[in-house]
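To keep things clear, I will list the structure first and then write my remarks on it.
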Amino acid sequence: MEDLPAPPGAGDAADFPPVLTTAMAAGLLQVNVEYLRRMVREGRIPCHRFPGGREMRFLRDELLAWLAALPGDDQSSSSGRTQQTDPVGT
């Protein structure tokens with residue numbers, strides 16, 4: 103059986119190169135490309151543009167640091183906390 107490549111955004115962050123295109127950054131963050139572009143226009147996410155051009159690039163480690171700094175509860179399994187459920191178990 104032939105191994106098929108994983109879809110973009112399906113792997114670990116280390117699977118992404120250090121410099122990302124818009125599509126790759128959207129895959130890493132698991133958001134729509136248009137949503138990512140809107141966040142860039144609004145200045146809400148770190149982005150680098152080529153001089154005089156419209157091309158955007160993102161630094162993987164910068165995006166991961168930005169994501170980690172967002173306010174909110176960390177419900178990742180690596181945080182050492184477990185997610186609570188309501189009495190119904192949802």
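For this note's numbering, add 102 to where a residue sits in the sequence shown, where the first one is 1.
Beta carbons: idealized from backbone N, C-alpha and C, even for Gly.
I need the straight-line Cα distance from residue i to residue j, nearest angstrom please.
i      : j      : result
Ala171 : Thr124 : 21 Å
Glu164 : Ala128 : 14 Å
Is residue i helix, strand or coil by DSSP?
i      : result
Leu172 : coil
Arg143 : helix
Arg162 : helix
Val133 : coil
Applying the 10 Å Cβ sphere with the 16-neighbour rule, what's the burial state of residue i?
i      : result
Phe152 : exposed
Report the option in the options whose CA atom is closest to the CA atom of residue i.
i      : options                        : result
Ala116 : Glu144, His150, Ile147, Arg162 : Arg162
Pro120 : Asp175, Trp168, Phe160         : Phe160
Arg139 : Leu122, Gln132, Met158         : Met158
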